[in-house]
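Residue numbers (our numbering): 2 to 335.
Every residue gets a Cβ at the ideal spot worked out from N, C-alpha and C, and that includes glycine.
Quantities reported herein were computed from a predicted structural model and do not represent experimental measurements.
The block underneath contains the structure these notes are about, expressed in structure tokens.
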């Protein structure tokens, strides 16, 4: 028998439909019990609502209503519990136990080493896609992030970071790259942590939302976290000739002074599109949604006669670069 406070983990097995439904019903009963309790007492063992603020393998860090955080074990058959999840938990001697997870309104997925999709963060309202003069932005990668955000119904925002590194040539190239996005309804911001430029506008965009940074290594995501949240103490990596070095090791949620939260996660740049069908990728290109006039329903917008997208590119109403980016994403499988 294990000492009090220790829990045996069950071997993961595939559940049938009846078992999955029964587990979900049990979790729903736990959530209802938590909702019905008097929160004034806060005695040990009482069910409480909480927010997962970090994940540590078999344990998670849970924040209670008073923003006090503690490590918690996970009850079996909860499924994936990730940073950003709302959960029901209770205290147990020196630690806590999560007994139920509330439904998510959004989740960010990436593939694990076996190729299966798994969530890395949940209940996100906004993805800030970060680019910088160095490393040089890849147009199809920028669009890949935007399409992925559209697919999971999370609002994307484009942030040009390290603007102090801009010169005449890079400014011209980045202005050309970013030109189509405001007209498509994407907000575009600029910031420089070194010169403290654009931070007021950035903080305003973050206020009242749960946000997450995404982008290539070396674009300054950790520096942004350090600037916005000095207490986060995120490590700042140096850009390498091999594309950058990951320095953040686990998803962590921080609260902003002005309201809202920020999740810092190392796995976000790997969330991909390989699992998406061609039609889903097309839906992620906002300017393509308005064009249902192609002659063929399965038009791939390459060289088909009567293609409304190709005609729109010829008229200048759709960016040729964006169409090329679409083809790159589709042909490469994401």
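According to DSSP, what are the bridge partners of residue i?
| i | result |
| --- | --- |
| residue 294 | Residue 294 pairs with nothing; no bridge assigned. |
| residue 169 | For residue 169, which the question treats as bridged, DSSP gives no partner whatsoever. |
| residue 89 | 50, 101 |
| residue 256 | 262 |
| residue 111 | 119 |
| residue 61 | 56, 73 |
| residue 96 | 93 |
| residue 156 | 127 |
Among the options, which one has its Cα closest to the Cα of residue i?
| i | options | result |
| --- | --- | --- |
| residue 120 | 279, 309, 105, 127 | 105 |
| residue 263 | 285, 111, 47, 55 | 55 |
| residue 215 | 278, 102, 132, 52 | 132 |
| residue 290 | 277, 313, 305, 304 | 313 |
| residue 266 | 129, 87, 51, 79 | 129 |
| residue 337 | 288, 74, 66 | This structure gives no information on residue 337, because the portion of the chain shown stretches from 2 to 335. |
| residue 70 | 60, 177, 204, 101 | 60 |
| residue 281 | 294, 86, 151, 305 | 151 |
| residue 77 | 83, 99, 58, 64 | 99 |
| residue 67 | 212, 257, 322, 49 | 49 |
| residue 196 | 205, 167, 213, 175 | 167 |
| residue 80 | 93, 101, 92, 89 | 101 |
Determine the DSSP secondary structure at residue i, reduced to helix, strand or coil.
| i | result |
| --- | --- |
| residue 282 | helix |
| residue 1 | Residue numbering for the chain in the displayed model covers 2 to 335; residue 1 lies beyond these limits and cannot be assessed. |
| residue 193 | strand |
| residue 145 | helix |
| residue 37 | Model confidence at residue 37 stands at a pLDDT of 49, short of 50, so the residue's coordinates are unreliable; what they give is reported in the following sentence. Correct three-state label for residue 37: helix. |
| residue 56 | strand |
| residue 138 | coil |
| residue 185 | coil |
| residue 175 | helix |
| residue 161 | strand |
| residue 332 | helix |
| residue 301 | coil |
| residue 314 | helix |
| residue 66 | coil |
| residue 324 | helix |
| residue 133 | coil |
| residue 150 | helix |
| residue 307 | coil |
| residue 319 | coil |
Is it true that the region 320-330 meets the region 135-142, where meeting means three or more beta-carbon pairs spaced less than 8 angstroms apart?
yes
If we require 3 or more residues per run, which beta strand (DSSP E) segments fall completely within the region 196-230?
211-215
Below 8 angstroms, how does it come out for the region 219-232 and the region 159-167: are there three or more Cβ pairs, yes or no?
yes
Would you check if there are 3 or more beta carbon pairs closer than 8 angstroms linking the region 184-199 to the region 92-110?
no
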